[in-house]
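If you're matching positions, the sequence shown starts at -16 in my numbering and goes up one per residue.
Notes for the one structure printed next.
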Amino acid sequence: MKNCLLFFAIIFCTPLFSQKSTPFYQIDSVQEIRIVFTQSNWDYLMDTAKLGTEETFLIAKSVTVNGEVFDSVGVKYKGNSTYNQNNKKNPLHIELNTVKKKQDYLGITDIKLSNVWSDPSFVREALSYYLLANYMHCPRANYAKVYINDVYYGLMSNQENIGKDFFNDHFSTSDGIAFKCNPISIGGGVGGNTARPDLTYKGQDSSLYNKSYELRTDYGWKDLVKLIDTLNNNTSKIEGILDVDRAIWMLAFNNLFVNLDSYSGAFAQNYYLYKDKNNRYNPIVWDLNMSFAAFTMTGGTPPNVDTTTSKTMSPTLHFTNAARPLISKLMANATYKRMYYAHLKTMMQESFLSGLYLQVGQQMQNIIKTAVESDVNKFYTNQAFYDNLTKSVKGNTGPGGGTSIGIKSLMDNRAAFLNNLAEFKAIAPVIGERKTIPTLPKTSELMTITANITGTITNVILGYRGDKDDKFLKVNMFDDGQHNDGNANDGIFGASIIPDAKKVQYYIYAENNEAGIFSPQRAEHEYHILLLESNPPLKGEIVINELLADNVAGTANNNGDHEDWIEFYNTSSRDINLADCYLTDDLNQKSKWNFPSQSVIRSKGYLIVWADGKSDPTEIHSSFKLSKSGESLFLYSTDSTTLLDNVSFGQQDTDISYGRYPNGTGAFTKMPMTFNSMNSLTVSIIDINTNEVIHFYPNPTGNVLTIESNAAFNKIKVYDILGKLVETAHFQDSKSYQLDVKNYLNGIYFIQVNNNPLERIIVSH
């Protein structure tokens, strides 16, 4: 058999937002927006409105979003440096409900579109948001092809609006005080505009701040002054009024990504502050079109970076700058500073040293390339688009000069520079096995959380809460034999709490004088979960989702071993603990192996069990292995008799998994490995267990897709990204078929030829 598995596409499976998902911001799709103006001079009218004292909407006759038509829609130009009346393509703000208040598209009323003015690669904004979402709440972003009066205006970056819907999705409330932190105007160079939203204290008179911040609610100026006063003059109380961890993630992101059109740059702008129900302000990053050093003014020392110095920009930028108190005041606290470096290390390792940023960036470019090539209003050449992901190109880059640094060139060198700094070489403690006493704790009863922590240790903190909308409470953990932690100085640290909810969300932070570390490393954005009251899963809530029975070069476990694994998926809307449920490959031993305590799967989340017969306290390992020759698996509830799910499989191929498609609900099929993430079938050339080879071209396509095979076929099925059947075609046996996709919406589709695995194609008109 020939080995024709030549290419795996990147799967955009990270859940950017757990509360709400909409295909309008789906990272692997391109939207289509068509604007119709009755006014032939619409450009002049919108320029006039933009340059006036009040930016007003021009009412379009209609706006069509992915085929859905809306009448009487407000459209206006937006942006500061990205807008220019001489531009052929300017940023747009579309308001669907300007006239007809009940108009919305998938619940969305405001559409914000950027013109990609400072980014030859076209991926800076969407890629930055995609990576940032792993560490803090932020908008979603993708792309939209925009037409005005049936003329292609160009490809634009499509970012989620930060407003009431965003606040409600992430903070479960939309009536908190909100500020957009951008000055009323920008001008005069680095020293020319002193009305920056830099959080410096100017006094108790709220009128001193109204040119630097834009209030987005009916009231809140006194609250903002209180925040600024506390930050500058009573920093020890800051955690009561600011989500400090989220602020540290933002500062780490800005520095690592050289995102200087931000609080960390010359104008200290482009972020929001939202006051949640815990009366704490939450920073939210906004406007990332000039990340990856497209904006070069630091506002500090040195005043600018270039294509060389951006690679070595210091992580201590503004540490002693009184004009950036969010940085200088927080970094004056030794623990906050060690947390900052811990977050920097996590982002650098996960996003850059892993190569993730480049893989995702390449996939984004592949999705949008036909739309970019046909965009005659873009600011750069097609060659610059292809080159700038990896290397620097000449062209209009706005502030800072005429060269746009290559993203790969920047970040590979930046990661190497940072890794050589003493703060990055410093050795943090190691947080190992975690346990609870008792093993299955109950609500309102005393419980202890312990952790095995090794290395040099000066301080250990347990942060815990009952719900995602609560503030983490913090207590110290001890290794003194007095906190239900075993013997003194045995490396087991413990802290006792009395939970008041049915679950506990928690994280552990350990530090010494040189470095700190979190468990999990993305805390506080991510956290461990304890379910306190047993509520076994119902049939259908937990499914066996994917397995790999012949792992040679796939994902390795924490010991570096390429062992077999089984993936479980939670289809329900609740977190579920599989503790004391059973997994077996032998019907005569239904209770062959039971899940350990706190085997929690979050709603719509995944759990990996390594099937290797080994033991490791940092991962879950079953007592048996999988047979690549084929066998059956059975998942039983806590009574060892109620069957929750099962699967039988035959001979397995090396590094080819066997999983459900569509994810969580579909039938099992052989597929590329999608370890701990959404199942997808993304093989460019298919030859799985047969000698049949199928080609799909051109891919992406906007007109006709040709399907060719060395074996005759007579049926195809087409599914959209949500698994919905779009089209079925039956025909006489043939080795070739042409699929007309002219009327398909832009986006990703899956095609099944006869009973072969599905192939992913991209439609881009």
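Glycine included, C-beta positions come from ideal geometry on N, C-alpha and C.
Source: prediction; values computed, not measured.
Query                                                                                                             : Result
Residue range of the unbroken beta strand (DSSP E) whose run includes E78                                         : 75 to 78
Whole-angstrom distance between E710 and H678, CA atom to CA atom                                                 : 19 Å
CB of Y192 within 8 Å of CB of K185, strictly                                                                     : yes
3 or more residues per run - each beta strand (DSSP E) lying fully within the segment 10 to 88                    : 13 to 19, 41 to 48, 51 to 60, 75 to 78
P266 - DSSP class collapsed to helix/strand/coil                                                                  : strand
CB of V46 within 8 Å of CB of F40, strictly                                                                       : no
Contact the segment 739 to 747 vs the segment 712 to 730: 3+ CB pairs below 8 Å                                   : yes
Endpoints, beta strand (DSSP E) assigned at E416                                                                  : 413 to 420
Contact check, Y246 vs L256, beta carbons under 8 Å                                                               : no
Three-way DSSP call (helix, strand, coil) for I440 in this model                                                  : coil
K471 to R321 span [Cα, whole Å]                                                                                   : According to the sequence provided, residue 471 is Ala. The question's Lys does not apply to it. Roughly 26 Å between the two C-alpha positions.
Span separating the alpha-carbon of D102 from that of G389                                                        : 10 Å
Distance CB(T426)-CB(A498) smaller than 8 Å                                                                       : no
Alpha helix (DSSP H) segment containing L207, residue limits                                                      : 204 to 216
Alpha carbon of R199 to alpha carbon of V58, nearest angstrom                                                     : 20 Å
Residues sharing a beta bridge with M331, DSSP                                                                    : Beta-bridge pairing links M331 to no other residue.
Cβ-based neighbour list, G62, same chain, cut-off 6 Å, excluding 5 preceding and 5 following                      : P74
Length of the line joining the Cα atoms of R448 and D228                                                          : 15 Å
Contained beta strand (DSSP E) runs [length at least 3] in the segment 115 to 192, N- to C-terminal order         : 124 to 131, 134 to 142, 161 to 164
6 Å Cβ shell around F578 - same chain, five flanking residues per side excluded                                   : L561, A562, C564
8 Å Cβ cutoff met for V106 and M347                                                                               : yes
Neighbour-count burial assignment, K95, 16 or more Cβ in a 10 Å radius                                            : buried
Cutoff 7 Å; reference G383; Cβ partners in own chain excluding five residues on either side                       : Only weak support exists for where G383 lies, its pLDDT of 39 falling under 50; the value from the coordinates is given anyway. F278, T279, M280, N287.
Residues that DSSP places opposite H678 in a beta bridge                                                          : E691
Through-space distance from S606 to M654, alpha-carbon basis                                                      : 26 Å
L110 Cβ short of 7 Å to the ligand NAP heavy atom set                                                             : Annotation note on the ligand NAP: not contained in the displayed structure, which lists no ligands.
Under 8 Å between C-beta atoms of M460 and I444                                                                   : yes
Supposed contact pair L590 and S754 - C-beta distance, whole angstroms, cut 8 Å                                   : Examination of residue 754 is not possible in this model, given that the chain is present from -16 through 748 alone.
Contact with chain B by L182, beta-carbon distance below 8 Å                                                      : Among the chains in the structure shown there is no chain B, since it carries only a single protein chain.
Own chain, CB closer than 8 Å to T419, minus 5 neighbours either side, in chain order                             : M430, T431, I432, T433, L513, S580, Q581
Identified DSSP bridge partners for A478                                                                          : I432
C-beta atoms of L115 and F236 nearer than 8 Å                                                                     : yes
First through last residue of the alpha helix (DSSP H) which encompasses V824                                     : Nothing about residue 824 can be reported from this structure: the residues present for the chain run from -16 to 748 only.
Exposed unless 16 or more other CB atoms sit within 10 angstroms - verdict on Q735                                : buried
Nonlocal neighbours in the same chain, by C-beta distance under 7 Å from E509, ignoring five residues either side : P503
A539 classed as buried or exposed, judged by whether at least 16 other C-beta atoms fall within 10 angstroms      : exposed
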